[in-house]
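Protein chains: 2
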Amino acid sequence: MSQRPLILVSNDDGIDAPGLEALAQAMEALGEVRIVAPERQQSAVGHAITMQHPLRAYPHRRQGRVFGTAVTGTPADCVKLALAELLERPPALVVSGINHGSNTSTNVLYSGTVSAAAEGALYGIPSIAFSLCHPDWEADLSAARLVAEHIARKVLERGLPEGVLLNVNIPPLPFEEIRGIRITRQAQARWIEEFDSRTDPLGRTYYWLTGTFVNFDEREDTDEAAVAAGYVSITPIHYDLTAYSVLKELRTWPWSL
Amino acid sequence: MSQRPLILVSNDDGIDAPGLEALAQAMEALGEVRIVAPERQQSAVGHAITMQHPLRAYPHRRQGRVFGTAVTGTPADCVKLALAELLERPPALVVSGINHGSNTSTNVLYSGTVSAAAEGALYGIPSIAFSLCHPDWEADLSAARLVAEHIARKVLERGLPEGVLLNVNIPPLPFEEIRGIRITRQAQARWIEEFDSRTDPLGRTYYWLTGTFVNFDEREDTDEAAVAAGYVSITPIHYDLTAYSVLKELRTWPWSL
Chain A
0 MSQRPLILVS NDDGIDAPGL EALAQAMEAL GEVRIVAPER QQSAVGHAIT
50 MQHPLRAYPH RRQGRVFGTA VTGTPADCVK LALAELLERP PALVVSGINH
100 GSNTSTNVLY SGTVSAAAEG ALYGIPSIAF SLCHPDWEAD LSAARLVAEH
150 IARKVLERGL PEGVLLNVNI PPLPFEEIRG IRITRQAQAR WIEEFDSRTD
200 PLGRTYYWLT GTFVNFDERE DTDEAAVAAG YVSITPIHYD LTAYSVLKEL
250 RTWPWSL
Chain B
0 MSQRPLILVS NDDGIDAPGL EALAQAMEAL GEVRIVAPER QQSAVGHAIT
50 MQHPLRAYPH RRQGRVFGTA VTGTPADCVK LALAELLERP PALVVSGINH
100 GSNTSTNVLY SGTVSAAAEG ALYGIPSIAF SLCHPDWEAD LSAARLVAEH
150 IARKVLERGL PEGVLLNVNI PPLPFEEIRG IRITRQAQAR WIEEFDSRTD
200 PLGRTYYWLT GTFVNFDERE DTDEAAVAAG YVSITPIHYD LTAYSVLKEL
250 RTWPWSL
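Protein sequences appear in the order of chains A and B.
Heads up, the first sequence is in numbering that gives the first Met the number 0, so the first residue is 0 and it goes up one at a time.
Heads up, the second sequence is in numbering that gives the first Met the number 0, so the first residue is 0 and it goes up one at a time.
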């Protein structure tokens, strides 16, 4: 008896984010959908996992119907818990998003959206992170939904190399204005941080993190350049952080203790 | 007038961890030390940053003396805030640790210790994460302290390639039993997670994350293998997560929207 593929859907904006619902709807065309997502917004948690306290998971209802499972933890926690405890069988695909905001370049490091997909990849399951490059929760998700369905379908058909996930960034354009898909690399860009320093009513200083995102990478093959030119960018990502290019040089140093 | 190099010291175990004090002592031989560390334990926060609420930073005292600056945030927050606001001049070196526990292989993803050093590297400052492969806060730190001083001295002399930090793991051995230093790559190893599912007094289920760390990588040039053989492992790490090896293949897929 053939079963429809099981698809795990998570995110970092939390279970009530419109992007999660749009992604779940897109995946319903492709398989059996299970939603396991943080009960609250978890943006910029990076690859945090919860070890100091226990997790809870509970049915999240909308208009009386169970919409998915809410977890009192991070995106990485959600995927770990879903794979180890909550799902009845291993999923064919793990998808995360649709994030409300870009996850290009070094933003990947801080992205809970990407970390949820990374957990899937660490378990050997084809995994994709989707982000719409528009921070507004009211932004139109209809084009992003079509893009997500298109890319997820391809990945279900073809699989992905072991340990590799796709990080997809979608420009905030109507579907007919999106120029296509580009396979990209992570741009060399980063935040130039500033802290907005303020004084509370008791006279104590506090700091808000703020800053400007600067792209130092002028080449055309990056995620940043693709989105800026109106393309969907797909960057394959892996979790071997070894800087292989410098191993040889470092081995020439006089290290002896 | 020549100044001693400024060295920023942070960690993820929190400002009261013995490993932080040991690292600060090691660095005093090399320069002017500034401690900026989380006020509370932040293990497994990964590369989380705090954007939803403001940060505070305050002098942390021990026996009446100011020991360092405690920050109400993550390790990445500490380094960002130190570099942008708290330090009087740019540091010559950012060091993080000495973590109480190993940060080999994919543990890097979850490691606040490594993320603190990564922030330094993102700012173009030579940065090193140090971990003692022993989880006990009472573990003997004297060998790790000597190793940290030795490696930091080399890095101060020679610098590091742009965007690369060193992830150092130290075996839990007396100094004279450490066999040397190996330049390594990240092992292909990961946690096989399990959740310990329990029932609270109100009858609700909760889950503790647990698991077993399994090394699937049998080659000798990894961080895991080095530490297991009694060597200090130094893995150069960078934050371009692009899986370059699969770009070409992915470009052959029929992606057209």
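Ideal Cβ placement from N, Cα and C applies to all residues, glycine included.
Taking a contact as a CB-CB distance under 8 Å, the pair Gly72 (chain A) and Leu54 (chain A) counts as one, their CB atoms being some 5 Å apart. About 6 Å separates the Cβ atoms of Gly18 (chain B) and Asn98 (chain B), confirming a contact at the 8 Å cut-off.
Excluding the 5 residues flanking it on each side, Ala75 (chain B) has same chain C-beta neighbours closer than 6 Å at His46, Ile48, Ser114 and Glu118, in chain order. According to the DSSP secondary-structure assignment, His46 (chain B) is paired through a beta bridge with no residue.
Chain B places no beta carbon closer than 8 Å to that of Thr198 (chain A), leaving this residue out of the contacts. For Asp195 (chain B), the enclosing beta strand (DSSP E) begins and ends at Ala188 to Thr198. Going by DSSP, Asn166 (chain A) is part of the beta strand (DSSP E) stretching over Leu164 to Ile169. Using a 10 angstroms sphere on the CB of Leu201 (chain B), the tally of other CB atoms stays under 16, which defines it as exposed. Counting along the chain, Ala91 (chain A) sits inside no alpha helix (DSSP H), nor does DSSP assign it H or E at all. As for any alpha helix (DSSP H) of minimum length 4 sitting wholly inside the segment 209-239 of chain A, the runs are 222-227, ordered along the chain. For Tyr57 (chain A), the enclosing beta strand (DSSP E) stretches over residues Ala56 to Arg61. When the five nearest sequence neighbours on each side are left out, the beta carbons in the same chain lying within less than 8 Å of the beta carbon of Leu80 (chain B) are those of Val35, Leu54, Ala56, Val70 and Gly72, in order along the chain. In terms of beta-carbon proximity, Glu193 (chain B) lines the interface with chain A, with at least one pair separated by less than 8 Å.
Between Ala25 (chain A) and Ala128 (chain A), the C-beta spacing is not below 8 Å.
Between Ile124 (chain A) and chain B, the shortest Cβ-Cβ separation is not below 8 Å. The beta carbon of Pro235 (chain A) sits closer than 8 Å to some beta carbon of chain B. For Glu84 (chain B), no alpha helix (DSSP H) encloses it, and the DSSP letter there is neither H nor E. Pro171 (chain B) is classed as buried because its beta carbon has at least 16 other beta carbons within 10 Å across all chains shown. Interface criterion met: the Cβ of Asp239 (chain A) is under 8 Å from a Cβ in chain B.
The alpha-carbon separation between Pro89 (chain A) and Leu82 (chain A) amounts to approximately 7 Å. At a cut-off of 8 Å, the C-beta of Glu84 (chain B) has a neighbouring C-beta in chain A. Just measuring C-alpha positions, the residue of A:Val94, A:Gly162, A:Ala138 and A:Glu193 sitting nearest Ala23 (chain A) is A:Val94. At the C-beta level, Thr234 (chain A) and Thr241 (chain B) come within 8 Å of one another. Out of B:Asp12, B:Leu246 and B:Asp220, the CA that lies nearest to the CA of Gly96 (chain B) is found in B:Asp12. Taking 8 Å as the cut-off, the beta carbon of Leu164 (chain B) is found no closer than this to the beta carbon of Pro4 (chain B). Our two residues, Ile6 (chain A) and Glu223 (chain B), have alpha carbons roughly 34 Å apart in a direct line. The Cβ neighbour count for Val231 (chain A), taken over all protein chains shown within 10 Å, is at least 16; the residue is labelled buried. With contacts defined by Cβ atoms closer than 8 Å, Arg157 (chain A) and Leu29 (chain A) do not form a contacting pair. The C-alpha of Leu256 (chain A) is placed about 11 Å away from the C-alpha of Glu176 (chain B). Check the Cα spacing between Glu20 (chain A) and each of A:Trp252, A:Arg61 and A:Glu219: the tightest is with A:Arg61. CA-to-CA, the gap between Val32 (chain A) and Pro37 (chain B) works out to about 39 Å. A Cβ-Cβ contact shorter than 8 Å links Asp216 (chain B) with Gln187 (chain B). Under the three-state reduction of DSSP output, Ile97 (chain A) falls in the strand class.
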